[in-house]
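Visitor: Chains as they are written, first to last, in this note's numbering: chain A, 1 to 174; chain B, 1001 to 1255. Virtual Cβ for every residue (Gly too), placed ideally from N, Cα, C.
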Amino acid sequence: MIHVVTLEPFEAEEIQAVCRALFAAFGVGSEHVGELELPDDARDGSKLDAAKVLSEAGPVKTFADDKILFLVQSPFADRPGPRGLLPTQGYAKYGADRAVASAAGLAGDPEARGRALAKLAVHQVGHLWDLHHCLDYRCSMTPPWGVAYARGQLPELCAFCREKSERRMKTTAA
Amino acid sequence: MYPNQGVCRISGIELKEIGGVKGEFLTMKREEDGATVMIPRAKVAQIGLRHVAARSEVEEILAFLEADGEDPELDWKVRHRTHADKMVGGSLQGTAEVLKGLHTLALMRPLPQRERELYDSARHLLVHEVAVALGLSACSAEDSIDLALSPPAGSARAEAQAKRIAASMGDGLGLDELDGAGEEAAEGAEEPAEAEAEAPPARKAKKAEPRPPPKTAAKTRTAPKREKPEKAKAAKSKPVKAAKAKAKPAKKGRR
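So, in structure tokens, the structure goes:
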């Protein structure tokens, strides 16, 4: 089960788009469990520290193998990397149970915004099943800042990533 | 760092008797999933077990990924052998070379299934080693690697990369040699999995159309088309044997 938790207000349409896309991509149930408060420590000026949001966001009741996706509206501060700042639209603990995605910078009508947010959500939740970045521009696991990411419009996984996530789910369940 | 396995933590050295032979074994736990791995102490060097790379080495690797690379090897057999050797060797540089080589290739056309898996393995090993070496999360390590490989849209590097790819695709490199699928089918298919598993339908349809003769010599590929009707019928009744029998002399001749 994938639990979608909003930390800031979202349109119902956008949340529905995210839940539908997660179900379609991973084949497991996905539901919006409600809205929690954004942790105070996670705010760094006008931006959020993605790692802190993950570690400090309030408790969500889950069972084994459940995944949690937090959604925020505020932008994330870019993370420091060895060769400069890393563009951050989301963050996930690989192979763990928590991921976060931000809707900041997503433009267009609610439908287009919902689709773009859903693609980001699929990307971040994919990391929870140990999916790495993908080469196929149609796949949501393409790096979000790359040229290829904008070309793939739909929040879906390529055959390789889908099979890998299914294998991973079976292994975890066993 | 255990080649092809990933980052492991040595938990001890044990004396064990296996098959009546006593020996010292290194017991290690794989960092990512806690799986236990035991290797004979005498074979540590042979296997290629090594320390996790230092920060300076990782920075060199990221600079290598960022720099313009050579054009990818187009002969899939040579490429497969080279990549397999590098992965077994287990060096950080070798793994990065496999990743970069396949990444460059994938910008020209989709990778066959087996190379796609190899690409994922190389990426997995590199991400976890970079993460441990630099004390980053796996997420940040992968983003660092991808920032080097795929520059952000609109940047000067992204434009230069796009131009380079366009140039390499238009210079008549003979991209038919990339997968070798057609050649293998004619030769009896040692590697049927190399056929384009992920190729879009439009491309597959294109392959069926008659083509002008390729620039590079590929006599075995065109040979079955020249068969007389009687021979073609015989080949149809025993497709596998006929193909293999034809392939053998051609292979010997080439080697």
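1) For residue 19/A and residue 3/A, which I take to be in contact (beta-carbon distance under 8 Å), what is that distance rounded to the nearest angstrom?
2) Would you say residue 165/A and residue 131/A are within 8 Å of each other, going by their C-beta atoms?
3) With a threshold of 16 other CB atoms inside 10 Å of the CB of residue 1149/B, please say whether the residue is buried or exposed.
4) What residues in its chain sit with their C-beta under 7 Å from that of residue 1151/B, if we drop five residues either side in the sequence?
5) Among 65/A, 45/A, 46/A, 8/A, whose alpha-carbon lies nearest the alpha-carbon of residue 168/A?
6) Would you report the Cα separation of residue 1015/B and residue 1043/B, rounded to the nearest angstrom?
7) Tell me which same chain residues have a C-beta within less than 7 Å of the C-beta of residue 1115/B, skipping the five on either side of it?
8) Quick one: what does DSSP say residue 154/A is sitting in, helix, strand or coil?
9) Looking at residue 1132/B and residue 1145/B, is the spacing between their C-beta atoms short of 8 Å?
10) For residue 1153/B, tell me which candidate among 155/A, 156/A, 149/A has the shortest Cα-Cα distance.
11) Considering only the alpha carbon of each residue, which of 1013/B, 1085/B, 1107/B, 1054/B lies closest to residue 1071/B?
12) Exposed or buried, residue 1053/B, counting other C-beta atoms within 10 Å across all chains shown (16 or more means buried)?
13) Is the Cβ-Cβ distance between residue 35/A and residue 114/A less than 8 Å?
14) Which residues bound the beta strand (DSSP E) around residue 1070/B?
15) Given a limit of 9 Å on CB to CB distance, which residues of the region 1055 to 1080 of chain B reach chain A?
16) Where residue 156/A and residue 1065/B are concerned, what is the direct C-alpha to C-alpha distance, given to the nearest angstrom?
17) Would you say residue 155/A lies against chain B (beta-carbon separation less than 8 Å)?
18) Roughly how many angstroms separate the alpha carbons of residue 1183/B and residue 1112/B, rounded to a whole number?
19) Roughly how many angstroms separate the alpha carbons of residue 63/A and residue 71/A, rounded to a whole number?
20) Report the option in 27/A, 22/A, 98/A whose CA atom is closest to the CA atom of residue 121/A.
21) Is the separation between the beta-carbon of residue 124/A and that of residue 99/A shorter than 8 Å?
22) Which residues share a DSSP beta bridge with residue 1036/B?
23) Could you tell me the boundaries of the alpha helix (DSSP H) in which residue 1099/B lies?
24) Three-state secondary structure (DSSP) at residue 140/A?
25) Leaving out five residues on either side along the sequence, give the residues of the same chain with a beta carbon under 7 Å from the beta carbon of residue 1048/B.
26) Identify the residues that DSSP records as bridge partners of residue 1013/B: which are they?
Guide: Taking the structure as given:
1) Contact between residue 19/A and residue 3/A is ruled out by a C-beta separation of about 10 Å, above the 8 Å threshold.
2) yes
3) buried
4) 1157, 1158, 1161
5) 65/A
6) 15 Å
7) 1102
8) coil
9) no
10) When only C-alpha atoms are compared, the closest one is 149/A.
11) 1107/B
12) buried
13) By the CB criterion at 8 Å, residue 35/A and residue 114/A fall outside the cutoff.
14) Note, residue 1070/B: premise wrong, no beta strand (DSSP E); not H, not E.
15) From the region 1055 to 1080 of chain B, only 1055, 1058, 1059, 1062, 1063, 1066 have a Cβ closer than 9 Å to chain A.
16) 28 Å
17) no
18) Annotation note: pLDDT 41 at residue 1183/B (below 50); position unreliable, coordinate value reported separately. Rounded to the nearest angstrom, the two C-alpha atoms are 15 Å apart.
19) 20 Å
20) When 27/A, 22/A, 98/A are compared, the shortest CA-CA separation from residue 121/A is found for 22/A.
21) Yes, they are a contact pair.
22) 1029/B
23) 1092 to 1108
24) coil
25) Sequence-distant Cβ neighbours of residue 1048/B in its own chain, meaning closer than 7 Å and more than five residues away, are 1003, 1089, 1090.
26) 1026/B
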